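Structure first, then comments.
Protein chains: 2
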Amino acid sequence: MAGHGNVVATLKEAGYRLTPQRVMVLQAIAEGGGHQTAEAIHREVVKTYPYLDIATVYRILQLLKRLHLVTEIDLGGDSARYEVAEPNKHHHMVCRVCSRTFDLSTSYLEELRLRLVNEFGFEPDLEHFAIGGQCAECASG
Amino acid sequence: MAGHGNVVATLKEAGYRLTPQRVMVLQAIAEGGGHQTAEAIHREVVKTYPYLDIATVYRILQLLKRLHLVTEIDLGGDSARYEVAEPNKHHHMVCRVCSRTFDLSTSYLEELRLRLVNEFGFEPDLEHFAIGGQCAECASG
DNA sequence: CTAGGTGCAAAGGGTTTGCTACAAC
DNA sequence: GTTGTAGCAAACCCTTTGCACCTAG
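Each protein sequence line maps, in turn, to chains A and B. Oh and the first sequence: position 134 is 137 in my numbering, straight run, nothing missing. Oh and the second sequence: position 79 is 82 in my numbering, straight run, nothing missing.
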């Protein structure tokens, strides 16, 4: 897998250490494909490194979230799920007043999508999505 | 407040008892206005009836949810919030294959709205919302 | 009367935190 | 050598559950 160089670079630039645990967690998220729970990630890594603690997984996930390397999807009921962040994929919020557009990470709509699929079996088209509304500046001004 | 008759009727029809606790919880939700947590509801009722247990609040909320009298909104991070269900207000899912439309409770988009407001200060226009996609039947058929 | 509901207390599950030893740099 | 991290265990928070008593119908 290429692209891991980015992760390493991002970690180092931010002054974080590249530990085996972080590499393994990152691999597990990437290889797992979809949206995985912290527990699933832990279960996967433990196969090859039995000492990894679930608390460490949570700390790493927080870190990766903060660095925008992974995205958290949390529907409330069960545990949160994590996926590799795809920086290019996003939707838009369009202000009806000033017409400016703001990026909106796919994860926001991913939560909605997951619920529609799970609860209704309805697979929404969310490819080119834009939400109209009023931005913070125009609302306060 | 009129409309409480509906609630009483719904409870009785379903074979449930009308207890003071249920009335008080329902009142607290209605009067609280927005989306309240179980703890906030409990805090409110306890002012006039100090014996109400938080577990009872949760049990009543589950019941009201099951009867579609209140709606649960759960963003994952903090505790779930509850609001009176407004049966008339809903959005639509439109199947791109069969063109049928399916009702979508406002609570689904309410979660999205809350996140956009909280995290970006962006107030989305979600009045007449329709989501395109493919329904369960057309996806399996 | 009698099923269903409440209060109390304790358990549960996911997530976070304090601390000491350890490893990346 | 420093300082951030991992492992461990315990705490945390919200929510659920078991059980004996009580109350709405």
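Just so it is clear, CB atoms sit at the ideal spot from N, CA and C, and this is done for glycine as well. Since we're looking at a predicted model, the values are computed, not measured.
Whole angstroms is fine: what's the gap from A/GLY79's alpha carbon to B/LEU78's? Start at 1 with the first residue of the first sequence, and residue 79 of chain A comes out as number 76. Start at 1 with the first residue of the second sequence, and residue 78 of chain B comes out as number 75. So the alpha carbons of these two residues sit roughly 5 Å apart.
On the DSSP letters alone, give me the boundaries of the beta strand (DSSP E) that B/GLU89 sits inside. Against the second sequence, residue 89 of chain B aligns to sequence position 86. That residue, B/GLU89, is in no beta strand (DSSP E); it is neither H nor E in DSSP.
Three-way DSSP call (helix, strand, coil) for B/ALA58 in this model: What you label residue 58 of chain B is simply residue 55 of the second sequence in a count that begins at 1. In the structure shown, B/ALA58 sits in a helix (DSSP, three-state: H, G or I).
What would DSSP say about A/GLU75, mapped onto helix, strand or coil? Translated into positions along the first sequence, residue 75 of chain A becomes position 72. Here A/GLU75 sits in strand by DSSP.
CB contact below 8 Å: B/ALA142 versus chain A: For the purposes of this step, residue 142 of chain B is identified with residue 139 of the second sequence, where counting begins at 1. It does; some Cβ of chain A falls within 8 Å.
Any residues in the stretch 110–122 of chain A with a beta carbon nearer than 8 Å to a beta carbon of chain B? Which ones, in chain order? TYR111, LEU112, GLU114, LEU115, ARG118, LEU119
Check whether A/ILE134 and A/VAL97 have beta carbons under 8 Å apart: Position 131 of the first sequence, counted from the start, is the residue given in the question as residue 134 of chain A. Position 94 of the first sequence, counted from the start, is the residue given in the question as residue 97 of chain A. Yes, the pair counts as a contact, with Cβ atoms nearer than the cut-off.
Can you pull the chain A neighbours of B/PRO127, defined as C-beta to C-beta under 9 Å? Numbered from its first residue, the second sequence carries residue 127 of chain B at position 124. Going along chain A in sequence order, the residues near B/PRO127 (Cβ under 9 Å) are MET96, ILE134, GLY135, GLY136, GLN137.
Does the count of Cβ pairs from the stretch 114–130 of chain A and the stretch 12–24 of chain B closer than 8 Å reach three? no
For the putative contact between A/LEU55 and A/TYR19, defined by C-beta atoms under 8 Å, what is the C-beta separation to the nearest angstrom? On the first sequence, residue 55 of chain A is found 52 positions in, with the first residue counted as 1. On the first sequence, residue 19 of chain A is found 16 positions in, with the first residue counted as 1. The Cβ separation is near 18 Å, so there is no contact.
Residues near A/PHE105 by beta carbon distance below 6 Å, same chain, minus five either side: In the first sequence, residue 105 of chain A corresponds to position 102, counting from 1. So the list reads MET96, once near-sequence residues are dropped.
For chain B, is any of its Cβ atoms less than 8 Å away from the one on A/GLY37? As a first step, residue 37 of chain A is located in the first sequence; it is residue number 34 there, counting from the start. With 8 Å as the cut-off, A/GLY37 does not count as an interface residue toward chain B.
Using beta carbons (cut-off 8 Å, strictly below), is A/HIS131 in contact with chain B? Translated into positions along the first sequence, residue 131 of chain A becomes position 128. Not one chain B Cβ lies under 8 Å of A/HIS131.
Does A/HIS131 pass the burial test, meaning 16 or more other C-beta atoms within 10 Å, or should it be called exposed? Within the first sequence, residue 131 of chain A is the residue found at index 128, counting from 1. Classification for A/HIS131: exposed.
Which residues of chain B have a Cβ atom closer than 8 Å to the Cβ of A/GLY79, listed in chain order? Translated into positions along the first sequence, residue 79 of chain A becomes position 76. By Cβ distance, chain B contributes ASP77, LEU78, GLY79, ALA83.
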